[in-house]
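The sequence shown runs 52 to 492 under this note's numbering.
The structure appears below as structure tokens.
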Amino acid sequence: MESCNTPACQSARDIFHELEDYYDDHNLYFQTVSSVLEAANALEVPHRLKLILSQPKNEIMFHCPVQMDDGTWQLFKGYRVQHNNVLGPYKGGIRYHPEVKLDEVKTLALLMTMKCALARLPYGGAKGALKIDPRAVSRAELQRVTRRLTAALGNNIGPDYDIPAPDVGTNCQIMAWMADTYINFAESSTKVTARGVVTGKPLEFGGSAGREKATGQGLVYVLDELLPGMGMEIGKLSYSLIGYGNVGSWTARLLQQRGSTLITVMDHTGAIFHETGIDAQKLAEHVKVTGGVAGYPDAEVISSETFYSTPVDLFIPAALEQMVDLEHAKLISCKVLVEAANAPTTPHAEQYLLDKGVAILPAILCNAGGVTVSYFEWKQNRQSETWDEEVVDERLRKVMVGSAKRVLEMADRLKCSMRVASYASAIEHLDKVYKMRGVFP
Ligand code: GLU
């Protein structure tokens, strides 16, 4: 494959050279740093900020020995990457996935720094992962693994230091076990606030109203703000979706309430299509029972190629990273690509789609609803308050609309793509705070 010759890639190569750290051009972390540096270069921020943002502060790697139900032992590899904390405690999800790698976690941690900064939340960025297939273990095994992972993280997490949350393959039950384990280790004087160590907890145990649907809800608020400027109306749209987990299924249910039509969905079990629309609620019930979209009775089974090439207004990847590559981009026929997942589009696919006139709404804007309501949950925990769903939704709407406006203004100011604009707005904010705080010592 050809190497990348853009100024952004050259900047990333220069920075990594200076740091004596080397990546190939196809590495996700290299690519993400390149686009962050493209934004930094457009702003002319100090070189030291580029160096700081190009590497995480801490990369923690650990192994959890856990006894399985059949008496055998397994060793699970875990990661917590703490990218930056100049704005506040490290913040970001923990994912459980069998294929997870350190560079992926580093990428996601960097994106959390950018996401929290763009939304102007008082948080830094982090991400964690455990190399495990959560579907392949029992509930009791999942609980033991989770408690062991929490113990292994020890004081590397805490409500004032680093606050995990759900991500791919984790949910509110896992957060409840993490919080419970952490509380058991906490000193008696801090037990009340110790539950703030994780967000995305169940409602009955310190969770927030509106947290489960928050990422989907935030995305809908972003569409409300941005689509009219592109001559589109949310109630008259057709769309396709990759992934029907928390983010995908909530996005679909909320878009359905607003009158949009889900034409095709693809997940790890297959792809389905219905010309006049798939019922998002019924599909969510089917996926809850069967684990995937395959076998859903009221739709036609289609190939992955047909899935990508079906014409729609919005194309919404809501699963793992890099699912939209150049091959897929050549098939896609949409007006707007809405990144609900983190880093779902490869740089080549992005360039191809932009050249074709497709607008790309970047992930750090579109999916910031999750961490924003995580922030509301953490605030409620600290103040022993419980906010109604209407209050949460309204405050979420304000944050999402504010971020969308900042991205538009920056894109206009720098004459750049919305992705570069979203990073630029985040970096400008981080730069201001670094200048005010100074770099210790
Ligand atoms: N995992 C989510 C994300 O990637 C949420 C993170 C959080 O709530 O801290 O944004």
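Backbone N, C-alpha and C fix where the C-beta goes; we use that ideal spot for every residue, glycine too.
Residue 216: member of the beta strand (DSSP E) spanning 213-217, first to last residue.
Rounded to the nearest whole angstrom, the CA to CA distance from residue 390 to residue 213 is 26 Å.
The beta carbons of residue 132 and residue 178 sit closer together than 8 Å. Going by C-alpha positions, residue 85 is about 7 Å away from residue 62.
In this model, residue 410 and residue 247 are separated by some 38 Å (Cα to Cα). Between the alpha carbons of residue 92 and residue 104 lies a distance of about 13 Å. Assignment of beta-bridge partners to residue 146 by DSSP yields 180. If you check the C-beta of residue 422 against ligand 1, you find a heavy atom less than 7 Å away.
Relative to ligand 1, the beta carbon of residue 216 is positioned inside 7 Å of a heavy atom. Every beta strand (DSSP E) of 3 residues or more that sits fully in the segment 311-354 is shown, in chain order, as 312-318, 321-324 and 351-353. For residue 291, the enclosing beta strand (DSSP E) has its first and last residue at 289-293. For the pair residue 229 and residue 197, the Cα-to-Cα distance works out to about 6 Å. Between the alpha carbons of residue 151 and residue 110 lies a gap of roughly 14 Å. A buried status is given to residue 428, since no fewer than 16 other beta-carbon atoms sit within 10 Å of its beta-carbon.
Residue 438 places its beta carbon 8 Å or farther from that of residue 227. Going by beta carbons, residue 269 and residue 392 fall outside the 8 Å limit. Annotated as distal: residue 161 and residue 478, with beta-carbon spacing of 8 Å or more. Following the DSSP letters along the chain, one finds residue 410 inside the beta strand (DSSP E) bounded by residues 410-412. With a contact defined as Cβ atoms closer than 8 Å, residue 203 and residue 251 miss out at about 20 Å. The bridge partners DSSP lists for residue 141 are 213. Taking a C-beta distance under 8 Å as the contact criterion, residue 139 and residue 173 qualify as a contact pair. Within the DSSP secondary-structure output, residue 223 pairs in no beta bridge. By the criterion of a C-beta distance shorter than 6 Å, residue 353 is surrounded in its chain by 322 and 324, once the five residues flanking it on both sides are discounted. Residue 482 and residue 344 have their C-alpha atoms some 44 Å from each other. The segment 433-447 makes no contact with the segment 284-291; the number of CB pairs closer than 8 Å stays below 3.
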